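Take a look at the structure below.
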Amino acid sequence: MSGGSVTGPSGGVSAPLAAQLQPGDFTINTTTAGDQGRAAVASLPGGGFVAVWSTSTGGASDVRLQRFGADGQAMGAEQVVAAAGSSAGVTAMADGGFLVSWSASPFMYEANGHAQRFDAHGAPVGGPVQLVATFFKYVSRPLGLPDGSYVLAADTTMSRFGPEHGVVTRYAADGTVMGTPVRLASQLTPQTGAFDPNWAGGTSAARWPDGRFAVAWIASGTGVAQVRLTRFDAQASEVATESVASGTVLQHPAVAVLAGGGFALSWVSGAHDATKTLWLEAFGADGVSLGRQAVASDLQAAAVMPRLAALDTGGFVLGWKSVNYDATAMNRTVSVQRFAAGGQASGGAEAISAVSAPLDAVTFDVDSLDVLGGTGGSFLVVHGAYAAATGWDVRASTRR
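Position 177 (the sequence shown) corresponds to 178 in my numbering; numbering is contiguous.
Have a look at this one:
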């Protein structure tokens with residue numbers, strides 16, 4: 002594999018920021034009514050970045066966006082992208098604008114995928130497009146391609162009763178499907194009855210400047226799971242799929258393409274009620290592993306989730322959140338650590354955020370985590386913040 006640096010830590014993909022981020026902390030959202038969360042970010046080709054998230058109030062949620070300069074100052078006003086929706090993603094587009102994707106459920110057991118394009122100034126280009134109608138779940142990660150088309154790597158289901166699987170679909174700028182969607186499915190455990198014991202999902206995507214891209218995902222069955230990497234050409238045709246790691250319970254893969262053409266892959270092992278290990282593996286431009294390591298092991302956590310972002314210095318940053326519950330509260334920490342392209346740690350881990358929220362404030366997952374690289378080795382971490390008076394907000398912390 003060869004190429005330059007393009008990565009999207011939340012499954013979307015964007016080039017590193019065109020300016021150096023100034024150290025600091027600030028709030029992403031302007032609206033404070035209800036809970037703000039599940040945020041994602043992407044850099045803008047002209048400099049700065051755009052953030053998307055969901056606002057939840059009284060059981061309903063909408064999708065919002067805000068553009069920022071590299072100095073962390075808001076550009077324009079906060080915008081409502083969709084009056085009803087959740088699970089937002091964002092990616093830069095080849096024309097200098099960006100695209101927001103989200104899921105909406107107008108009826109029980111139905112989840113539809115939508116997208117809306119915006120120009121470089123944040124003005125909508127055309128109207129929202131419904132891309133797909135499916136059952137129960139549709140969570141997509143958008144990825145803009147150099148020719149102006151885009152890809153959605155999504156987790157979805159075939160029917161009300163599953164099984165869950167991934168699907169990678171290429172779209173023209175107007176939302177027209179291009180080519181044949183590629184299904185990412187597990188067949189690790191033979192199906193002997195009506196119930197399919199297999200599951201696949203957790204898709205995360207990153208691309209090279211020439212349009213080739215890779216999707217990391219989990220395939221699981223009964224007592225077995227694999228981290229898989231599927232490579233695609235610039236027309237979104239599948240080239241090859243390989244198993245990177247195997248275990249009993251594996252979750253939350255994240256992938257980033259690095260400045261020298263190599264890539265980094267992270268994932269988590271460990272059952273829900275067991276200790277967790279956060280894994281990291283670096284690969285060269287030829288796709289050969291440069292080594293695997295446990296970044297953190299024996300984590301006493303109910304959940305651990307990583308995100309990756311390439312740095313223009315050639316390395317990358319790994320961010321992760323660790324979640325625990327006690328009798329009255331959810332306790333969550335966010336940490337980050339820099340690495341060289343070969344996977345060597347550059348300094349120690351830094352704690353970015355710690356949150357404690359009462360259990361009645363976390364009925365739904367409204368926390369956030371995303372990471373975005375800037376110039377000069379700077380980066381931005383998006384995470385959730387909680388206060389009893391205002392509920393959940395989206396915060397950003399920049400480092401260099």
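Each residue gets a CB set at the ideal place from its N, CA and C atoms; glycine is no exception.
Predicted, not measured: the structure shown is a model, and the values here were computed from it.
Restricting to Cα atoms, I'd like to know which of the options is closest to residue i.
i, options, result
"Y326", "A85, V305, V372", "V305"
"T31", "V395, T399, R400", "V395"
"V337", "L279, Y387, A358", "L279"
"G315", "V245, F284, V335, A303", "F284"
"T58", "S87, L45, W200", "S87"
"M331", "L319, G385, A341", "G385"
"V225", "W200, G212, W209", "W200"
"P182", "A124, D156, A85", "D156"
"S108", "F136, L360, G127", "Rather than Ser, the amino acid found at residue 108 in this sequence is Phe. Ranking F136, L360, G127 by Cα distance to F108 puts F136 first."
"G222", "G212, G263, H166", "H166"
"L132", "V335, T249, P307, V168", "V168"
"I219", "G212, G320, R213, L185", "L185"
"D313", "D368, F119, L373", "L373"
"S150", "L300, A124, G98", "G98"
"V296", "A116, F233, R308", "R308"
"D63", "G262, A105, P147", "A105"
"A215", "P143, D148, T193", "P143"
"A78", "V363, Q236, G25, A52", "A52"
"T56", "G73, R68, A84, G48", "A84"
"T190", "G180, Q227, A207", "Q227"
"A206", "D274, G90, V318, G378", "G90"
"G1", "D299, V245, G212", "Absent from the model: residue 1. The displayed extent of the chain is 2 to 401, so no value can be given."
"L259", "V101, F317, G203", "F317"
"G248", "Q236, H115, R229", "R229"
"A388", "F380, S379, P359", "P359"
"A1", "A346, P125, A112, T33", "Nothing in the structure corresponds to residue 1, since the chain is present only between 2 and 401."
"A71", "T92, L45, V81, T193", "L45"
"A341", "A311, L66, D361, A362", "A311"
"Q301", "V324, V335, R118, E282", "V324"
"A282", "T376, A217, G145, T242", "Before going further, note that residue 282 is Glu rather than Ala in the sequence given. Of the candidates T376, A217, G145, T242, the one whose C-alpha sits nearest the C-alpha of E282 is A217."
"V245", "A265, A75, A235", "A265"
"S357", "Q236, W393, F119, A241", "W393"
"Q80", "R68, G73, Q74", "R68"
"Q236", "P125, V130, L146", "L146"
Assign residue i to one of two classes, buried (16 or more other C-beta atoms within 10 Å of its C-beta) or exposed (fewer than that).
i, result
"T177", "exposed"
"V289", "exposed"
"Y172", "buried"
"F27", "exposed"
"F196", "exposed"
"S238", "exposed"
"V7", "Its pLDDT being 32, under 50, V7 is placed unreliably by the model, and the measurement read from it follows with that caveat. Result: buried."
"P10", "For P10, the predicted model reports a pLDDT of 37, less than 50, meaning its position is unreliable; a value from the coordinates is still stated below. Buried: at least 16 other Cβ atoms inside 10 Å."
"T276", "exposed"
"T158", "buried"
"Y110", "exposed"
"D368", "buried"
"G320", "buried"
"T231", "buried"
"H122", "exposed"
"V382", "buried"
"D287", "exposed"
"S15", "Since pLDDT at S15 reaches only 47, below the 50 mark, its modelled position is unreliable, and the value read off the structure follows with that caveat. Answer is buried; the Cβ neighbour count reaches 16."
"T399", "buried"
"G378", "buried"
"H273", "exposed"
"S102", "buried"
"G180", "exposed"
"G348", "exposed"
Checking the sheet assignment: what are the DSSP bridge partners for residue i?
i, result
"H273", "Answer by DSSP bridge pairing: none, since H273 is not bridged."
"P307", "W321"
"L185", "G167"
"H115", "W103, Q131"
"N332", "N325, S357"
"L300", "K277"
"T157", "Y139, H166"
"Y172", "Y151, V178"
"E488", "Past the edges of the chain, shown from 2 to 401, lies residue 488, and the structure says nothing about it."
"W54", "R65"
"Q252", "V269"
"P210", "DSSP output for P210 lists no bridge partner at all."
Does the beta carbon of residue i sit closer than 8 Å to a beta carbon anywhere in chain B?
i, result
"G385", "No chain B appears in this structure, which consists of one protein chain only."
Item to complete: Check whether the stretch 248 to 257 touches the stretch 266 to 282, taking contact to mean three or more Cβ pairs, one atom from each stretch, closer than 8 Å.
Response: Yes, they touch.
Worksheet item: Hey, is the stretch 352 to 362 in contact with the stretch 38 to 48, meaning 3+ C-beta pairs nearer than 8 Å?
Response: Judged by Cβ distances under 8 Å, the stretch 352 to 362 makes no contact with the stretch 38 to 48, as fewer than three pairs qualify.
Worksheet item: Residue ranges of each beta strand (DSSP E) run of no fewer than 3 residues wholly in the stretch 341 to 391, ordered along the chain?
Response: Here the runs fully enclosed are 346 to 359, 370 to 374, 380 to 388.
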